[in-house]
Amino acid sequence: MIPRHFQITVALVLLAILISGVIIIHMTHKEEALTLQAAEAAPVAPIVGGRQEHIQLLLAYDEDQALRWRSADVFLPADRNLRARETLRSVLAQYLQMPSPHPLAKGTDIKDVYFINDDTMIVDTTAAFADGHPSGILLEELTLASLIETLTANVPGISKIKFLVDGKERETLAGHADLMSFYQTAVVHELAKEFE
Amino acid sequence: MRWSKAGVGLAAVALYFALAVSGAAPEQHLTVYTSQTNYSLPVLDHGGKSYVSVTDLLLPLGATKPILKGKEWKFALNKAEVRLTEGKEKATIGGKQVELGGKVLVENGRVMLPMDTVLPLLGRLLNTTVDFHQPAMRVFVGNTFTRFTADFKNGDQPSLVLNFSQPVKPDANHEEKRGVLTNTDKTTLLFTKDPLVSDLKTQQYGDGVIQSLSFSEENGAALLTVSGNKLLQVVRSDDGKTITLQAQAPEVSAVPPPVWPSVPSTETQKRPLEFFVMIDPSHGGTDKGASFGGKLVEKDITLRLARDLRKELEERGIAVRLLRESDVDLSLDRRAEITNEQRAGIYVALHAGRPGKGVRVYAPLLTNPQQPLAGRFLPWESAQSGAISRSQTVARAVSDELRKKGLTVTSLGMPLRPLNNIAAPAIAVELAPDEEDPQSLESQKRHNNVAAAIALGIVQIRSQMEGRP
Numbered sequence: 306m307i308p309r310h311f312q313i314t315v316a317l318v319l320l321a322i323l324i325s326g327v328i329i330i331h332m333t334h335k336e337e338a339l340t341l342q343a344a345e346a347a348p349v350a351p352i353v354g355g356r357q358e359h360i361q362l363l364l365a366y367d368e369d370q371a372l373r374w375r376s377a378d379v380f381l382p383a384d385r386n387l388r389a390r391e392t393l394r395s396v397l398a399q400y401l402q403m404p405s406p407h408p409l410a411k412g413t414d415i416k417d418v419y420f421i422n423d424d425t426m427i428v429d430t431t432a433a434f435a436d437g438h439p440s441g442i443l444l445e446e447l448t449l450a451s452l453i454e455t456l457t458a459n460v461p462g463i464s465k466i467k468f469l470v471d472g473k474e475r476e477t478l479a480g481h482a483d484l485m486s487f488y489q490t491a492v493v494h495e496l497a498k499e500f501e
Numbered sequence: 261m262r263w264s265k266a267g268v269g270l271a272a273v274a275l276y277f278a279l280a281v282s283g284a285a286p287e288q289h290l291t292v293y294t295s296q297t298n299y300s301l302p303v304l305d306h307g308g309k310s311y312v313s314v315t316d317l318l319l320p321l322g323a324t325k326p327i328l329k330g331k332e333w334k335f336a337l338n339k340a341e342v343r344l345t346e347g348k349e350k351a352t353i354g355g356k357q358v359e360l361g362g363k364v365l366v367e368n369g370r371v372m373l374p375m376d377t378v379l380p381l382l383g384r385l386l387n388t389t390v391d392f393h394q395p396a397m398r399v400f401v402g403n404t405f406t407r408f409t410a411d412f413k414n415g416d417q418p419s420l421v422l423n424f425s426q427p428v429k430p431d432a433n434h435e436e437k438r439g440v441l442t443n444t445d446k447t448t449l450l451f452t453k454d455p456l457v458s459d460l461k462t463q464q465y466g467d468g469v470i471q472s473l474s475f476s477e478e479n480g481a482a483l484l485t486v487s488g489n490k491l492l493q494v495v496r497s498d499d500g501k502t503i504t505l506q507a508q509a510p511e512v513s514a515v516p517p518p519v520w521p522s523v524p525s526t527e528t529q530k531r532p533l534e535f536f537v538m539i540d541p542s543h544g545g546t547d548k549g550a551s552f553g554g555k556l557v558e559k560d561i562t563l564r565l566a567r568d569l570r571k572e573l574e575e576r577g578i579a580v581r582l583l584r585e586s587d588v589d590l591s592l593d594r595r596a597e598i599t600n601e602q603r604a605g606i607y608v609a610l611h612a613g614r615p616g617k618g619v620r621v622y623a624p625l626l627t628n629p630q631q632p633l634a635g636r637f638l639p640w641e642s643a644q645s646g647a648i649s650r651s652q653t654v655a656r657a658v659s660d661e662l663r664k665k666g667l668t669v670t671s672l673g674m675p676l677r678p679l680n681n682i683a684a685p686a687i688a689v690e691l692a693p694d695e696e697d698p699q700s701l702e703s704q705k706r707h708n709n710v711a712a713a714i715a716l717g718i719v720q721i722r723s724q725m726e727g728r729p
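For the protein sequence lines, the chains are A and B, in the order given.
My numbering numbers the first residue of the first sequence as 306 and each following residue consecutively.
My numbering numbers the first residue of the second sequence as 261 and each following residue consecutively.
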């Protein structure tokens, strides 16, 4: 016959194993959820290093129908492409925060930026940038002017810019502003002055 | 050499009989009228059945170019696909099988369909009403009709005044084209490009200078025939909305056929193209434009404002065309193509949007100004470059009139589609909700104010815009 104290010990050990199992499963699920959440929140492109710089951003303020220069501390890499991308992202970051002076849709981001020659740049945006952009002549033009002016102020030597949406050409941003053309930065500079 | 009246008469009679004896049947045409464009296509006889080219019929309506795969031709229009197979009597239209009542033919690389199929084909492809006056070979897409009233005035110099709901322009040289003789008994006006309809058959006015007016339709055109006992002078006025027929004054009565259009003849010779304003109610169909909460969307506001603007312009004697009359999809490129093809005098795009208040008037701004590459050709993206200074003039005039009405106005240059693709003076007018109250965008009083101001602005600068390419 098995002694009583031995039976109690075995039962306690089995109970401890069961409780440990439940706790481990729960913690695993929690960790997976946190990892997934972190992955979703991560930017499209990897975070780049660089030197922190104090730069000027031209931001749109819907309420005043105006563009205003604001300063921000941003890590900017030395590489020209990455510098352009991070500059544009720093503008979008201002619009994606709450409250926003010029709200844009969640998921709005810059996928890639590349030069097709020394002075002509292509900016490839996420689909959410155009799909979720509020429709309206002024709202759309303020977005483009803000991005182009901030870019030319911080990345010298750009004279023409074209926007793509998810790697493809699109007629307009949200029904109004032209996305088919190359924007001459000098023309946009004159346009932006009207709102400053 | 001077021809006597009798000689001219004999020659004309000889020509008439020569045509009749030769048995040369007049060329048959099908005419399609839409709010955007009117066009004619030849009707060909194959084994006693009338056929039309599908490409000629559908391409002007915005269909894609046909793609041939084996023996099957594919088109798409308004997201519906048309599949036609050579030699078959059935077609697939928008996923449904349709009997054609005749075989699909391919002639010189063109797909031909029996004319009887035009109505079911267009009815399934277009999101609007289609009326087919089959014996007359006239197709009306949407409510594109032009109607008229006739006012007979008796007296020393009897006249018949025809008032049309839209400006009309009868064919200038129809006598030559159709071999029809105009003589002292009859004056016939032929309307190929105008969607003229009427319930009138014949109206009698007695047995004087003007005896009767009759309306008929045939071969893709409408005809108004006025019978009388004298040669009639035809006078077109009110920008083509009025045509007056009256006995010629004695000193000019010896000159035979009516000069067309006759008022004001010297001016008309200088400007062969009729001035009209193309109004573009932006967005439409699946493209709703901006949303203002509830069911209030930009595409509906722009259409209502467009109708109000049309009324205001027409009241001021300016001819108007609308790019869309109903809730249909129309691409930005197509809007520019139609405006350029029809040689609009001025293009006005209407919008509604946040933020701010009042009205914003936009002139085009070329993002990448370019000079013509060679000759007259311009890149599509900067088609506006030849008209940009006139666009700015229009924008200034319209802004001034809006301010006079006490409205808050912002004037800007903007790189907008399709303004930059329009070869004529072009502006965009955007209505913003007052005090962020979206319901103000529906206010009829506000619409009337804005429409009247735009119309007044256009009236101010119209003389500077006419006669220009």
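Glycine included, C-beta positions come from ideal geometry on N, C-alpha and C.
Exposed unless 16 or more other CB atoms sit within 10 angstroms - verdict on residue i
| i | result |
| --- | --- |
| B/D445 | exposed |
| A/F311 | exposed |
| B/S491 | The displayed chain sequence assigns Leu, not Ser, to residue 491 of chain B. Per the 10 Å Cβ criterion, buried. |
| B/R722 | buried |
| A/S486 | buried |
| A/H331 | exposed |
| B/V486 | buried |
| B/K559 | buried |
| A/H438 | buried |
| B/P455 | buried |
| B/N479 | buried |
| B/A271 | A caution first: B/A271 carries a pLDDT of 48, below 50, which makes its placement in the model unreliable, though a value can still be read off. With fewer than 16 other Cβ atoms within 10 Å, it is exposed. |
Candidates the options: closest to residue i by CA position
| i | options | result |
| --- | --- | --- |
| B/G554 | B/E702, B/K309, B/L319, B/L381 | B/E702 |
| B/L716 | B/F552, B/S659, B/E349, B/T388 | B/S659 |
| A/D471 | A/L444, A/D367, A/D429 | A/D429 |
| B/D411 | B/Q463, B/T404, B/A655 | B/Q463 |
| B/L382 | B/P320, B/K413, B/Q493 | B/P320 |
| A/L484 | A/K465, A/A377, A/M332 | A/K465 |
| B/E585 | B/G577, B/F552, B/R595, B/R576 | B/R595 |
| B/M397 | B/E601, B/A482, B/I561 | B/A482 |
| B/F451 | B/D391, B/E359, B/Y299 | B/Y299 |
| B/M538 | B/G500, B/P326, B/L583 | B/L583 |
| B/P675 | B/L386, B/V292, B/E641 | B/E641 |
| B/E575 | B/L460, B/D376, B/D499 | B/D499 |
| B/S472 | B/Q602, B/S419, B/V608 | B/S419 |
Per-residue contacts from residue i into chain B (C-beta, under 8 Å)
| i | result |
| --- | --- |
| A/M485 | E641, R677 |
| A/I442 | H611, G613, R620, Y622, M674, L676, A688, E690 |
| A/L456 | Those within 8 Å of A/L456 in chain B number zero; the least Cβ separation is about 15 Å. |
Secondary structure of residue i, DSSP reduced to three states
| i | result |
| --- | --- |
| B/I353 | strand |
| A/M306 | coil |
| B/D568 | helix |
| A/M485 | coil |
| A/R475 | coil |
| B/T462 | strand |
| A/A311 | For the sequence presented, residue 311 of chain A should be read as Phe rather than Ala. Residue state, collapsed to three classes: helix. |
| A/H494 | helix |
| B/G646 | helix |
| B/P698 | helix |
| B/R576 | coil |
| B/S723 | helix |
| B/R384 | helix |
| B/G544 | strand |
| B/D593 | helix |
| A/H438 | coil |
| B/E534 | coil |
| A/N422 | strand |
| B/H289 | strand |
| B/V428 | coil |
Beta-carbon neighbours of residue i, restricted to chain A and to distances below 9 Å
| i | result |
| --- | --- |
| B/G466 | The contacting residues do not exist; B/G466 stays about 59 Å from chain A at best. |
| B/E558 | S440, G441, G480 |
Residue i: contacting residues in chain B (beta-carbon distance under 9 Å)
| i | result |
| --- | --- |
| A/D367 | R614, P615, G616 |
| A/A482 | M674, P675, L676, R677 |
Partner residues on chain A for residue i, Cβ-Cβ distance less than 8 Å
| i | result |
| --- | --- |
| B/L592 | E476, T477 |
Closer than 7 Å at the beta carbon, the chain B residues around residue i
| i | result |
| --- | --- |
| A/K400 | For the sequence presented, residue 400 of chain A should be read as Tyr rather than Lys. Ordered by position in chain B, no residue passes the 7 Å Cβ test against A/Y400, which lies about 14 Å from the chain. |
| A/Y419 | The premise fails here: A/Y419 is roughly 19 Å from chain B at the closest Cβ pair, so nothing lies under 7 Å. |
Could you give the uninterrupted runs of the beta strand (DSSP E) lying entirely in the stretch 461-508 of chain B, keeping only those of 3 residues or more? Listed in chain order, they are 462-464, 470-478, 481-488, 492-497, 502-507.
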